[in-house]
Each structure stands twice: as structure tokens, then as C-alpha cells.
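Residue numbers for the sequence shown, in the numbering used here: 6 to 123. Working notes, structure below.
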Amino acid sequence: VQLQASGGGLVQAGGSLRLSCAASGSIFDIGEMGWYRQAPGKQRQLVARRIRGESADYADAVKGRFTISEDYAKNTVFLQMNSLNPEDTADYYCHGRMETSTGWGDYFGQGTLVTVSS
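Below, the structure is given as C-alpha cells:
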């Protein structure tokens, strides 16, 4: 299983970006998809996630500004980020909890860098 993230870049404070992440490989089922971020010198933290069929969870810092959505037909997760501020600068990693021939596992994509200038 591979997760390929895209959509990062440089944006001014107050701007918006939309991240995308597509999962590929022999995937039997997806139970959860989400996004994490890691700022320089800090630990990776949850940004948003949704267990399939349930409401999404968001970090307090992004509530009301970020929206997660999924297209399970395409094994893709999105993160719409609005009203960005410099504190949102980080590498963003997509995550999926997926079932393959070896059972359920957690998979992360490569990071996509988001830089917000003041």
C-alpha cells in the first residue's frame, strides 16, 4: 500500500490550500483516513481524521478552519485548509487504516510541506 500526498506549498497568511492523498495497492477496505502534521522541532500531531461512517475529529487549533473529506471510491482523502496562519507551517502526512491481504494496518504517506508566510 502506498499513500501519495500532494497540494502543499507556500501561501500567505489568511490564504487557503487543499491537500490530497490517494492510496494505492491491494486494499480490501479502509476503516479510517486522516491527516497529521509535524512542525520543525515538534512531534507529529493529529490534524483531522474520520473513522469511516462517523463524524470527523479535529485538533482544536484547526477547528472551524480545516475540513476533511474522503472519496472512498478513489481511496482518496482531502484536507481543505482555510484562514491559514504561520503556526500551520509543517509537513503534513496523510494516514489510512486499511485492510490488506495481511490484515489491518496503519499506513502513512510521505509528507507534503505547507509553509505559511506572515
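Heads up, the beta-carbon is just placed ideally off N, CA and C, and yes, glycines get one too.
{"Asked": "Alpha carbon of Glu92 to alpha carbon of Val121, nearest angstrom", "Found": "8 Å"}
{"Asked": "Exposed unless 16 or more other CB atoms sit within 10 angstroms - verdict on Trp40", "Found": "buried"}
{"Asked": "Environment of Gly114 [buried if 16+ CB atoms lie within 10 Å]", "Found": "buried"}
{"Asked": "Cβ shell of Tyr97 (< 8 Å), same chain only, five flanking positions each side left out", "Found": "Ala10, Gly13, Leu24, Trp40, Tyr41, Arg42, Val52, Leu84, Gly116, Thr117, Leu118, Val119"}
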